[in-house]
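S.K.:
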Amino acid sequence: MPDQPNVRIILAKLGLDGHDRGVKVVARGLRDAGFHVIYAGLWQPPESVVQAVADEDADWLGISLLSGAHLTIMPRVMQLLRENGLDRVGVILGGIIPEADVPKLEQMGISRVFGPGTPINEIVDFIRAQQSRV
Amino acid sequence: MRSKAVSDLAELLSRFRNGDRLALSRLLSLVSRGRQLEEIRAGIGIPEHPGRVIALTGSGGVGKSTLVGRLTELAVERNNSMAVLACDPESPLTGGALLGDRVRMTSSAEAEPPFIRSLAAASGHQAIAEHLDLMIPLLQAYGFETILLETVGAGQGDIAIRHLVDVLVLLLQPESGDDLQWEKAGLLEVADVIVVHKADLPGADNVVAQVSGEVNLAGAPEVPVLKVSAAKREGLDELWTTIQSLPSQKHKFRSGAVQLLQLAVERLSDRFHHSSEKFADVLAKWHEGELSDTEAADEVLRRL
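Protein chains in written order, with my numbering: chain A, 2 to 135; chain S, 131 to 434.
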């Protein structure tokens, strides 16, 4: 652990979506896996989330969406990340996302979409595997 | 990490000197990981008018993050450029941390919003993250006028923050102890401003009276005791004026032997964490009860 810097991940909920039970469970799980989890909270506009990614120098951004707005709001997030020179930041998505939309989201550059019922270990293993592939 | 290219430090520093906020963010990461500290210290330059450093401390739940959030709003209103370093605890078991201070800081749509960095503070570091002694000059060199430091929920003895800052604000809340509480040594002795927070709750006037009586004994320096309610947005202007106008108290506290001991303890703790494998056998024996607490600790000190 000592010389291995902790993975920094920002978790946030975007737009009009007040259901934060799921994202808090994920936050706790990642914390217990040794990550530094920065919880940015509810009702965030894409601009502040991307500002947070920049100021916190995060390695990952995790967005939870249960509002159905993923195809509207995620393109904006990905565009802002690119504009701010943050392409290197990995993006994962969780919540209620219809399977048919997953390929479109992956095409936008989202690394992985985790549906309801995903065991926390799966998320941890995925991020660890990506991290080591430097 | 995900193919985070190892940026050339010289290039990073030159971007930093040109006011690149992302470069500042990367440099802070290097510093928090204890990398290239001397090169960075030498490369950032010395600001002509270093920004004022203010710390907010107090026990967990007293409203530090919320108040920091309000102060960032005031800073935006007053065109005062502000950076925040917010510390939350890191697990001694897993090394993980849940950094939740941002949640209580309202996001603003300003072109140049306050810079907010969340930091994990390891246990044994008196409620602050490591390497703040370089992070603060870094933010000053970038040009922030005010640097707010939020400690982990701090106990009575966590005074390591004192020598790093110009003004130390201690937050108390109603119903936090009887009048004997204020006679105890520690944080209360080194605070420059005392805020009785959640002042909209009953009992606030009582705390103000008790604390003022304790810290402002005849002959002692005047320590302002302010009533503030972040929820009702009361007392904020007065707090802002006070923390911006008090003379810096930093140097008064620098020479203490306690600080030196604290620095030594931090260095020891670093060495321990970076070579924990050296102590595997001591740990095992201590677990089995073959070594007493004192014997095990002495053995660790011998090997460090």
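Ideal Cβ positions, reconstructed from N, Cα and C, are used throughout, including at glycine.
As the structure is a prediction and not an experimental result, all values here were calculated from the model.
Within the same chain, show all residues whose beta-carbon is closer than 6 Å to that of Leu262/S, passing over the 5 residues directly before and after it, in chain order.
M.R.: The residue you call residue 262/S lines up with position 132 of the second sequence. Cβ within range, chain order: Leu294.
S.K.: For the segment 42–123 of chain A, list the beta strand (DSSP E) runs that are entirely contained and at least 3 residues long, ordered along the chain.
M.R.: 61–66, 91–96 and 113–115
S.K.: So with Cβ pairs under 7 Å, would you call Asp126/A a contact of chain S?
M.R.: Here residue 126/A corresponds to residue number 125 of the first sequence, with the count starting at 1. No, Asp126/A does not count as interfacial toward chain S.
S.K.: Hey, could you find the ends of the beta strand (DSSP E) Arg182/S is sitting in?
M.R.: Here residue 182/S is taken as the residue at index 52 of the second sequence, counted from 1. Arg182 to Thr187 is the extent of the beta strand (DSSP E) around Arg182/S.
S.K.: Do Val114/A and Val103/A have their beta-carbon atoms positioned less than 7 Å apart in this structure?
M.R.: To locate residue 103/A, count along the first sequence from 1; it is residue 102. To locate residue 114/A, count along the first sequence from 1; it is residue 113. Taking 7 Å as the Cβ cut-off, Val103/A and Val114/A qualify as a contacting pair.
S.K.: Could you give the distance in angstroms between the alpha-carbon of Val38/A and the alpha-carbon of Ser359/S?
M.R.: For the purposes of this step, residue 38/A is identified with residue 37 of the first sequence, where counting begins at 1. For the purposes of this step, residue 359/S is identified with residue 229 of the second sequence, where counting begins at 1. Answer to the nearest angstrom: the Cα atoms are 29 Å apart.
S.K.: From the DSSP output, read off the bridge partner residues of Phe245/S.
M.R.: As a first step, residue 245/S must be located in the second sequence, where it is residue number 115. Phe245/S pairs with Ala213/S.
S.K.: Is Ile176/S helix, strand or coil by DSSP?
M.R.: Looking up residue 176/S in the second sequence gives position 46. Ile176/S: coil per DSSP, three-state reduction.
S.K.: Would you check if the distance between the CB atom of Leu298/S and the CB atom of Asp330/S is smaller than 7 Å?
M.R.: Walking along the second sequence from the start, residue 298/S turns up at place 168. Walking along the second sequence from the start, residue 330/S turns up at place 200. For Leu298/S and Asp330/S, no; Cβs fall outside 7 Å.
S.K.: Which same chain residues end up closer than 7 Å to Ala135/S when comparing Cβ atoms and leaving out the 5 residues on each side of it in sequence?
M.R.: Residue mapping note: residue 135/S aligns to position 5 of the second sequence, counting from 1. With a pLDDT of only 40 at Ala135/S, under the threshold of 50, the placement of this residue in the model should not be trusted; the figure read from the coordinates follows. Nothing listed; no residue qualifies.
S.K.: For a contact meaning CB atoms closer than 9 Å, what does Phe274/S contact in chain A?
M.R.: The count along the second sequence starts at 1 and reaches residue 274/S at position 144. Within chain A, no residue comes near Phe274/S; the closest Cβ sits about 12 Å away, beyond 9 Å.
S.K.: Along chain S, in chain order, which residues have C-beta atoms closer than 8 Å to that of Gly86/A?
M.R.: Residue numbering aside, residue 86/A sits at position 85 when the first sequence is read from its first letter. Within chain S, the residues near Gly86/A are Leu152.
S.K.: Counting C-beta neighbours from all protein chains within 10 Å, is the total for Lys408/S 16 or more, i.e. buried, or is it exposed?
M.R.: For the purposes of this step, residue 408/S is identified with residue 278 of the second sequence, where counting begins at 1. The residue in question, Lys408/S, is exposed, as its Cβ has fewer than 16 Cβ neighbours within 10 Å.
S.K.: Does any residue of chain A bring its CB to less than 7 Å from the CB of Ala227/S?
M.R.: Locating residue 227/S in the second sequence gives position 97, where the first residue counts as 1. So, interface residue.
S.K.: List the residues of chain A whose Cβ lies closer than 8 Å to the Cβ of Ala250/S, in chain order.
M.R.: Locating residue 250/S in the second sequence gives position 120, where the first residue counts as 1. Asn7 and His37, listed in chain order.
S.K.: Can you tell which of Glu305/S, Thr276/S, Val320/S and Ala394/S has its C-alpha closest to the C-alpha of Ile291/S?
M.R.: Along the second sequence, one-based indexing puts residue 291/S at 161. Among Glu305/S, Thr276/S, Val320/S and Ala394/S, the Cα nearest to that of Ile291/S belongs to Val320/S.
S.K.: Under a three-way DSSP split, which group does Glu378/S fall into?
M.R.: Along the second sequence, one-based indexing puts residue 378/S at 248. The question names Glu, yet the displayed sequence has Ser at residue 378/S. DSSP places Ser378/S in the coil class of the three-state scheme, outside both helix and strand.
S.K.: Starting from the beta carbon of Ala246/S, find every residue of chain A whose beta carbon is closer than 9 Å, and list them in chain order.
M.R.: Here residue 246/S corresponds to residue number 116 of the second sequence, with the count starting at 1. Note on identity: in this sequence residue 246/S is Ile, with Ala being the wrong assignment. Residues of chain A passing the Cβ test: Gln52, Ala53, Asp56 and Glu57.
S.K.: Pull up the CB-CB distance for Arg182/S and Gln374/S, whole angstroms please, since I reckon it's below 8 Å.
M.R.: Start at 1 with the first residue of the second sequence, and residue 182/S comes out as number 52. Start at 1 with the first residue of the second sequence, and residue 374/S comes out as number 244. Their Cβ separation, rounded to whole angstroms, is 7 Å, which keeps Arg182/S and Gln374/S in contact under 8 Å.
S.K.: Using the Cα positions of Met75/A and Val50/A, report the straight-line distance between them to the nearest angstrom.
M.R.: Indexing the first sequence from 1 puts residue 75/A at position 74. Indexing the first sequence from 1 puts residue 50/A at position 49. Looking at the two C-alpha atoms, the distance is approximately 12 Å.
S.K.: Count the other C-beta atoms from every protein chain shown that fall within 10 angstroms of the C-beta of Glu418/S, then say buried if there are 16 or more, exposed otherwise.
M.R.: Start at 1 with the first residue of the second sequence, and residue 418/S comes out as number 288. By the 10 Å Cβ count, Glu418/S comes out exposed.
S.K.: So if I threshold CB-CB distances at 8 Å, which residues from the segment 147–171 of chain S count as touching chain A?
M.R.: Taking 8 Å as the Cβ-Cβ cut-off against chain A, the residues of the segment 147–171 of chain S that qualify are Arg151, Leu152, Ser155, Arg156, Leu158, Ser159 and Arg163.
S.K.: Mind checking which residues open and close the beta strand (DSSP E) that includes Leu302/S?
M.R.: Counting from 1 along the second sequence, the entry for residue 302/S is found at position 172. Val297 to Leu302 is the span of the beta strand (DSSP E), which, as asked, contains Leu302/S.
S.K.: Could you spell out where the beta strand (DSSP E) holding Ile266/S opens and where it closes?
M.R.: Taking the second sequence and counting its residues from 1, one reaches residue 266/S at position 136. From DSSP, Ile266/S is part of no beta strand (DSSP E) but of the alpha helix (DSSP H) over Leu262 to Tyr272.
S.K.: With a CB to CB cut of under 7 Å and the five nearest residues on each side skipped, what residues in its chain are close to Thr372/S?
M.R.: What you label residue 372/S is simply residue 242 of the second sequence in a count that begins at 1. For Thr372/S, where only same-chain residues beyond five positions count, the Cβ hits under 7 Å are Val323, Pro354 and Leu356.
S.K.: Kindly indicate which residue of Asp400/S, Leu347/S, Thr196/S and Pro267/S has the alpha-carbon position closest to the one of Ile174/S.
M.R.: Along the second sequence, read from residue 1 onward, the residue named residue 174/S stands at position 44. Looking at the Cα atoms, Pro267/S is the closest of the given residues.
S.K.: Please state whether DSSP places Asp322/S in a helix, a strand or coil.
M.R.: Along the second sequence, one-based indexing puts residue 322/S at 192. Reduced to three states, the DSSP call for Asp322/S is coil.
S.K.: Which residues mark the beginning and the end of the alpha helix (DSSP H) in which Ala414/S is found?
M.R.: One-based indexing of the second sequence puts residue 414/S at position 284. Looking at the DSSP string, the run of the alpha helix (DSSP H) that includes Ala414/S is Ala410 to Glu418.
S.K.: Give me the Cβ distance between Leu249/S and Ala284/S, rounded to the nearest whole Å; I'm assuming they're in contact under 8 Å.
M.R.: Sequence index remark: in the second sequence, residue 249/S carries index 119 (1-based). Sequence index remark: in the second sequence, residue 284/S carries index 154 (1-based). Contact flag wrong, Cβ pair sits at about 14 Å.
S.K.: Using only the alpha-carbon positions, how far apart do Gly191/S and Asp335/S sit?
M.R.: Against the second sequence, residue 191/S aligns to sequence position 61. Against the second sequence, residue 335/S aligns to sequence position 205. Taking the straight line joining both Cα atoms gives about 20 Å.
S.K.: If you draw a straight line from the C-alpha of Thr119/A to the C-alpha of Glu242/S, how long is it?
M.R.: Translated into positions along the first sequence, residue 119/A becomes position 118. Translated into positions along the second sequence, residue 242/S becomes position 112. The alpha-carbon atoms of Thr119/A and Glu242/S are separated by roughly 38 Å.
S.K.: Whose Cβ in chain S lies nearer than 7 Å to the Cβ of Arg77/A?
M.R.: Your numbering for residue 77/A matches position 76 in the first sequence. None at all; the shortest Cβ gap to chain S is about 14 Å.
S.K.: So is Arg32/A in contact with chain S if we call contact Cβ pairs under 7 Å?
M.R.: As a position in the first sequence, residue 32/A is number 31, starting the count at 1. So yes, Arg32/A belongs to the interface.
S.K.: Return the residues of the segment 189–221 of chain S that lie within a Cβ-Cβ distance of less than 8 Å from chain A, sorted by chain order.
M.R.: Glu220 and Ser221
S.K.: With a threshold of 7 Å between beta-carbons, can Arg232/S be considered close to chain A, or not?
M.R.: Taking the second sequence and counting its residues from 1, the one referred to as residue 232/S is at position 102. Interface residue (Cβ-Cβ distance to chain A less than 7 Å): Arg232/S is classified as such.
S.K.: Give a yes or no on contact between the segment 201–219 of chain S and the segment 394–402 of chain S, applying the rule of three or more CB pairs nearer than 8 Å.
M.R.: no
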